[in-house]
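Q: Structure in structure tokens, see below.
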Amino acid sequence: MTEIDLTILFAGVVAGAAPIVMAALGETLTEKAGLINLSLDGSILLSAMAGFAAAYTTGSLVFGFMAGAMAGAMVAAVVGIFSIHLNRSQVAVGFVLTLMARDLAYFLGNPYARLHGPQVPSLPIPLLKEIPFFGPVFFNQSLPVYFSLLLIGFCWWYIYRTPAGLRLRAVGEHPKAAYARGIDPRRTQMLYTLAGGLLVGLAGATFSLSVKPGWGRPQGAEGTGWIALALVIFGGWDPIRAAAGAYLFAFLQVMGIYLQGWFPSVPAQVFQVAPFPLMIFTLLFMNLAQKERVVIWSEGRPWFRSMLKWLWGKAPTALGKPYAPE
Amino acid sequence: MEIALQNITKDYGSVRANDHVTMRVVPGSIHGLLGENGAGKSTLMKILSGYTPKTDGEIRIDRGIVEYESPAHAAGLGIGMLYQDPLDFPLLSVLENFKLGQSSSDMTALRIRLTDLCRRFGFTLDPDAPLASLTIGERQQLEILRLLEKGIRTLILDEPTTGISGTQKAALFSALKQLADEGRSVILVSHKLEDVEALCDRVTVLRGGKGAGEMDSPFDPDQLMTLMFGTRPKPPPRSAEAPGGPVLNFTSIHARGGRTGLKSCSVLIRENEVVGLAGLEGSGQGVFLRTAAGLIPPLSGEIHLKGQPMKRQNHHGFKRKGVNFLPSGRLEEGLIPGLTLAEHSALQNGGGFWVRWPGAIADAARRITNFRIKGEPNLSVESLSGGNQQRLLLSFLSENPTLLLLENPTRGLDVESANWVWEHLHRFCAKGAAIVFASSELDEILAQADRVMVFFNGAVIKDVRTQETDLRELGLAIAGRA
Ligand SMILES: Nc1ncnc2c1ncn2[C@@H]1O[C@H](COP(=O)(O)OP(=O)(O)O)[C@@H](O)[C@H]1O
Ligand SMILES: [Mg+2]
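Sequence lines, in order, name chains A and B.
Okay, so the first sequence: first residue is 864 according to the numbering used here, each after it adds one.
Okay, so the second sequence: first residue is 20 according to the numbering used here, each after it adds one.
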């Protein structure tokens, strides 16, 4: 049995989760405004491709990340224009875009496949990296990882502590009421769809320039978009809990690799796939927390109650329902 | 501030919700806007608050003509409104609700302002509580305070007394009086005479979208009733057969649903009986019908159909016992938009592995002739007129129903279609069925029913035979004065 070095394990989790955190937070922002951007999975691939191609061509990582962000925002803009302004189904548009963006990424990215391109260097933070355990886990990382960590706190602060965040939540809750108070629901939704897309794009570029460097088919980021979408629900539309979910998912993935080493007789696929049903199970559990009967049953069972309370999360009331002005 | 609405007209497609309405509100007064359901009160006030654009007419504030772009614009001019369907944010906190739309973003200052305002009006609101934990009355209080903080000088309240407790009503009224004493104007929209009598200096009555008249306090209730409902001749009583055995028996039924739910309802309905359900829309009639149809499971109480307990039975169980339900949303709940008449026939006859189209088309054609529907078997149902949709629905009722539950069976129908529908329904009755129907037309209830139950706030507050009552008495009961 191989020894686990906890420091290495957790440093790996924090680094691997970085793009998932960005995507989940981006989607949280978008959904807080009441819109579902279902195109995440394709969007991430397209921006991973765009990011890698731009960085490879220009030799500049900054251009790479910018290209990735632009690609993500552009896909989001299509979802936004179709669903907010042309009144098309968010789900249908998002789903079609997922497939289209993915195929477009593979097609356009063909010339860049299996090339050796620039890669984000690690950037240890002096002094802080000396702290035992926490130093190597959090402060011996690269810029995108620091960004993902800061983003969690920033999103929470922005959504729950700033006037703009309050307006964002208001639109997702009750667009008509927001309109009555002088907020333009459509503009707000468009704004946060774009902002969300931007973060999803950065997530894609983080994959191709840092976490799974390079471009290819498969790139390795496939499926992450769906997980990020599930994490938003898992997180109860709360940025901190969505991020916690991302770390849990990354942890399960890393553990899968270790477990595979310990139990060679169990097929490898079991450990690769296990994180997915585990996530679904959690979602089911969260749903339970909202059933009246379960809540009544949990009275007098404190441990169960506090668990339900932690899991309780409510979707923005107007999520997925298009806003139509009078 | 003085507000004058002149010749306001509003069309929703072909529906004229307001027809050249004129109304003037004197500064510092409490002005009532009275009218039955659908009279156009909410529409008029949404126009004044900037929420809905008007089709035609003029709004003058202090003699100057104003044009609105949005509610925020109207609020800037000093007009604020509490909407009938509250426009607030249940998942946000009290303080956050208070802040939204306010120009200041200083939370600490706003918290102090809110506490001060609460003290001034004797309200107790916890700034950090989630709005969802508040009662309707408390949410109203918060909205009022929020609008005051915004600096509004005219406050519109649309049906504020629906769904709040007696004490909250008292608190609300005293706050409104206080506002008027401070020189602000209040417009109180209500269908309840008692509210208007208790509070208003002057009242404008709407009927069918038009201004029916104005009165100053003290009001004569009889005159107000006449303005609200008009003077309509009492229809001749219908000769009915004697009621037979019990069909539907409710024993202290409580159910959830709609705005009010259904509270402690005990009713016995017998064979051959036609029972009309009166009341403002959403006072519990819909929940009553859906509970009797097995669509809403009651929270407590017992339902017996023909003497048999119906515990744990769903809609299909009720259907097997001969219960038929026709909801008022013909295209939402009754028919399936996009399917043709023949496809509806095929669905109805069901069974088998494939649809027998010739049979379905023949069946649809038979219904078209028997029920005098203007349409073709392969026409989709939404292309039919309202009257023809209703005839089609009637054609799908079972041959020998025990209980017919109908929601606004003649809404939107012309007189001829409505008469035809009733003729048809009374034929079921002669065969021993019981009919229960909800209608917002008191005339229709008096003309067609043997017995009328008036719903108010989720409870039956009046249950009489139609011969023993009249329009005025029912109108008062609808307004909560049984
Ligand atoms: N948004 C809308 N679209 C179409 N018709 C409407 C709309 N709002 C109201 N109406 C119609 O306008 C009429 C007046 O409604 P409303 O102003 O709500 O009456 P009240 O408030 O007096 O009950 C009704 O016939 C109603 O069906
Ligand atoms: Mg109204």
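Just so it is clear, CB atoms sit at the ideal spot from N, CA and C, and this is done for glycine as well.
Return no unless some Cβ of chain B is closer than 8 Å to the Cβ of A874 of chain A.
A: No, because no Cβ of chain B sits closer than 8 Å to the Cβ of A874 of chain A.
Q: Return yes when the Cβ of V1095 of chain A is within less than 8 Å of the Cβ of A887 of chain A, no when it is not.
A: Yes.
Q: Can D1047 of chain A be considered in contact with ligand 2, in the sense that its beta carbon sits closer than 7 Å to one or more heavy atoms?
A: Flag unset: Cβ of D1047 of chain A not near ligand 2.
Q: Per DSSP, P149 of chain B forms a beta bridge with which residues?
A: Looking at the DSSP assignment, P149 of chain B forms a beta bridge with B:S112.
Q: Given L1115 of chain A, which residues of its chain have a CB within under 7 Å of its CB, disregarding the five upstream and five downstream residues?
A: Taken in chain order, the residues that qualify are A1137, P1138, L1141.
Q: Return the Cβ separation of S459 of chain B and E352 of chain B in integer angstroms, given the expectation that the two are a contact with Cβ distance under 8 Å.
A: In fact, because the Cβ distance is near 17 Å, the residues do not count as touching under 8 Å.
Q: Any C-beta of chain A sitting closer than 8 Å to the C-beta of A261 of chain B?
A: False, the Cβ-Cβ gap to chain A never drops below 8 Å.
Q: Comparing C-alpha positions only, which one of B:P428, B:R226, B:S399 sits nearest to F248 of chain B?
A: Of the candidates B:P428, B:R226, B:S399, the one whose C-alpha sits nearest the C-alpha of F248 of chain B is B:R226.
Q: Bridge partners of H323 of chain B, per DSSP?
A: For H323 of chain B, which the question treats as bridged, DSSP gives the partners B:N268, B:P328.
Q: Is it the case that the Cβ atoms of L898 of chain A and Q953 of chain A are separated by a distance below 8 Å?
A: Going by C-beta atoms, L898 of chain A is nearer than 8 Å to Q953 of chain A.
Q: For M244 of chain B and G54 of chain B, what's the separation of their Cα atoms in angstroms?
A: In a straight line, the C-alpha of M244 of chain B is about 9 Å away from that of G54 of chain B.
Q: Measuring only from the beta carbon, is Q25 of chain B closer than 7 Å to any heavy atom that is part of ligand 2?
A: No - ligand 2 has no heavy atom lying nearer than 7 Å to the Cβ of Q25 of chain B.
Q: Rounded to the nearest angstrom, what separates L422 of chain B and L267 of chain B at their Cα positions?
A: Taking the straight line from one Cα to the other gives about 8 Å.
Q: List the residues of chain A whose Cβ lies closer than 9 Å to the Cβ of E115 of chain B, in chain order.
A: Neighbours of E115 of chain B on chain A, chain order: L1029, R1032, A1033.
Q: Flag this pair as yes or no: are the beta carbons of E292 of chain B and A453 of chain B separated by less than 8 Å?
A: Yes. Within cutoff.
Q: If the criterion is Cβ atoms closer than 8 Å, does the pair S414 of chain B and N389 of chain B meet it?
A: Closer than 8 Å, so yes.
Q: In whole angstroms, what is the alpha-carbon distance linking D482 of chain B and V471 of chain B?
A: Going by the C-alpha atoms only, they are around 6 Å apart.
Q: Pick from B:E362, B:K196, B:G394, B:G120: whose alpha carbon is nearest that of L166 of chain B?
A: Looking at the Cα atoms, B:G120 is the closest of the given residues.
Q: When every heavy atom of ligand 1 is checked, does at least one fall within less than 7 Å of the C-beta of A498 of chain B?
A: Every heavy atom of ligand 1 is 7 Å or more from the Cβ of A498 of chain B, so no.
Q: Are the CB atoms of L1061 of chain A and G935 of chain A within a distance shorter than 8 Å?
A: Contact: yes.
Q: On a Cα-Cα basis, can you pick out the residue from B:L354, B:L318, B:R309 that is closest to K338 of chain B?
A: When only C-alpha atoms are compared, the closest one is B:R309.
Q: For A1178 of chain A, which residues from the same chain have a beta carbon less than 7 Å from its beta carbon, with the 5 sequence-adjacent residues on both sides left out?
A: Once the five neighbours on either side are set aside, the close Cβ partners of A1178 of chain A are W1100.
Q: Taking just the CA atoms, how far does L412 of chain B sit from V1157 of chain A?
A: Approximately 40 Å between the Cα atoms of the pair.
Q: Leaving out five residues before and five after P255 of chain B in sequence, what residues of the same chain have Cβ atoms less than 6 Å from its Cβ?
A: With a pLDDT of 42 at P255 of chain B, under the threshold of 50, the modelled position of that residue is not reliable, and the figure given next carries that caveat. Around P255 of chain B: no qualifying Cβ.
Q: If you follow the alpha helix (DSSP H) that D904 of chain A is in, where does it begin and where does it stop?
A: Per DSSP, D904 of chain A belongs to the alpha helix (DSSP H) from 903-921.
Q: Which bits of chain B does T1180 of chain A rub up against, with CB to CB less than 9 Å?
A: What T1180 of chain A touches in chain B: F108, P109, L110.
Q: Could you tell me whether the Cβ of P317 of chain B comes closer than 8 Å to any Cβ of chain A?
A: By this cut-off, P317 of chain B is not an interface position.
Q: Please classify Y31 of chain B: does DSSP put it in a helix, a strand, or coil?
A: DSSP places Y31 of chain B in strand when its eight states are reduced to three.
Q: Under 7 Å from any heavy atom of ligand 1, does the C-beta of V374 of chain B make it?
A: Not so, every heavy atom of ligand 1 lies at least 7 Å from the Cβ.
Q: Quick check: V1117 of chain A and V884 of chain A, are their CB atoms within less than 8 Å of each other?
A: No, Cβ-Cβ distance for V1117 of chain A and V884 of chain A is not below 8 Å.
Q: So, does the CB of P256 of chain B fall closer than 8 Å to a CB anywhere in chain A?
A: Because P256 of chain B sits at a pLDDT of 44, beneath the cut-off of 50, its placement in the model cannot be relied upon, and the point is left open.
Q: Sorry if obvious, but does the Cβ on G305 of chain B come closer than 7 Å to a heavy atom of ligand 1?
A: Not so, every heavy atom of ligand 1 lies at least 7 Å from the Cβ.
Q: Residues around ligand 2, please: the ones whose beta-carbon is closer than 7 Å to some heavy atom of it, in chain order.
A: Going by the Cβ distance cut-off, the answer is B:K60, B:S61, B:Q103, B:D177, B:E178, B:V208.
Q: Can you pull the DSSP bridge partners for N343 of chain B?
A: Bridge partners of N343 of chain B: B:L423.
Q: Excluding the 5 residues flanking P317 of chain B on each side, which residues of the same chain have their C-beta closer than 7 Å to its C-beta?
A: So the qualifying residues of the chain are I272, H273, A274, T310.
Q: Can you name, in chain order, every residue of its own chain whose Cβ lies under 6 Å from the Cβ of P999 of chain A, other than the five neighbours on each side?
A: Here the set comprises T870, A874.
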